[in-house]
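These notes concern the structure reproduced below.
And the structure:
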């Protein structure tokens, strides 16, 4: 009867409040507004053996976990969730499309990949990342380097959100005030990222070879 809106007048003030909270939790998170824009795949090429410290084979046996997240008011595709990365990274061209270049704070840290390659960042920016009704302020580091992904979400976000990522099952799961939520990986987008990056790399190698001749 209460669920249908009847007999609520018999509840105390506290009971009404708890009833309302319970209904909100049952109904799930509020629906976010439509995005202002969507940023698709930004590809700049890279080393075909190791792109963003992730090893690939020509048969693409390794499947990175790639997801679309809402960053501020923009849906950003081709974001890799990487629990092996100690930092979150965003491509500066994504910030350019979002018109946030003036929000970049000069900041330099050294990032070391598993193959001991050292990369230097030139700035950082803090942005709100929305995942199924949960918004988290996230610091992204920025590098002047061609990347396969628009951004990489690393351990700081993963641990704070209490996310369990699985590249094997292509899903992330995390607790919310409503229930355990799941976001599926976008395998087609992941393949597109890889093949476009590989094609860009081969094209660049052919140009370099032509210059040498």
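Residue numbers (the working numbering): 5 to 217.
By construction, the Cβ of each residue, glycine as well, lies at the ideal position given by its N, Cα and C atoms.
How is residue i classed by DSSP in three states: helix, strand or coil?
| i | result |
| --- | --- |
| residue 177 | strand |
| residue 44 | coil |
| residue 169 | strand |
| residue 38 | coil |
| residue 197 | helix |
Who are the near neighbours of residue i in its chain, counting only those whose CB is closer than 7 Å to its CB and skipping five residues on each side?
| i | result |
| --- | --- |
| residue 67 | 171, 174, 191, 194 |
| residue 89 | 156, 158, 159 |
| residue 95 | 46, 151, 154, 155 |
| residue 114 | 122, 124 |
| residue 149 | 123 |
| residue 128 | 109, 111, 143, 144, 145, 146 |
Among the residues of its own chain, which have a CB less than 8 Å from the CB of residue i, if the five just before and after it don't count?
| i | result |
| --- | --- |
| residue 79 | 39, 41, 42, 43, 72, 73 |
| residue 180 | 33, 136, 137, 138 |
| residue 83 | 70, 71, 72, 73, 153, 154, 155, 156, 157 |
| residue 132 | 75, 76, 139, 140, 141, 142 |
| residue 36 | 74, 134, 137 |
Please check the pair residue i and residue j, which I expect to be a contact at CB under 8 Å, by giving their CB distance rounded to whole angstroms.
| i | j | result |
| --- | --- | --- |
| residue 147 | residue 125 | 5 Å |
Given residue i, which residues of its chain have a CB within under 6 Å of its CB, disregarding the five upstream and five downstream residues?
| i | result |
| --- | --- |
| residue 162 | 87 |
| residue 102 | 78 |
Discussion item. Just to confirm the assignment: which complete alpha helix (DSSP H) runs, minimum length 4, are found wholly within the region 63-112?
Written reply: Within the region 63-112, the complete alpha helix (DSSP H) runs of at least 4 residues are 96-101.
Fill in: Every unbroken beta strand (DSSP E) inside the region 125-155 [3 residues or more]
With a minimum length of 3 residues, the continuous beta strand (DSSP E) runs that stay inside the region 125-155 are 127-135, 138-146.
Discussion item. Three or more C-beta pairs under 8 Å: does that hold for the region 160-169 against the region 103-110?
Written reply: No: fewer than three Cβ pairs fall under 8 Å.
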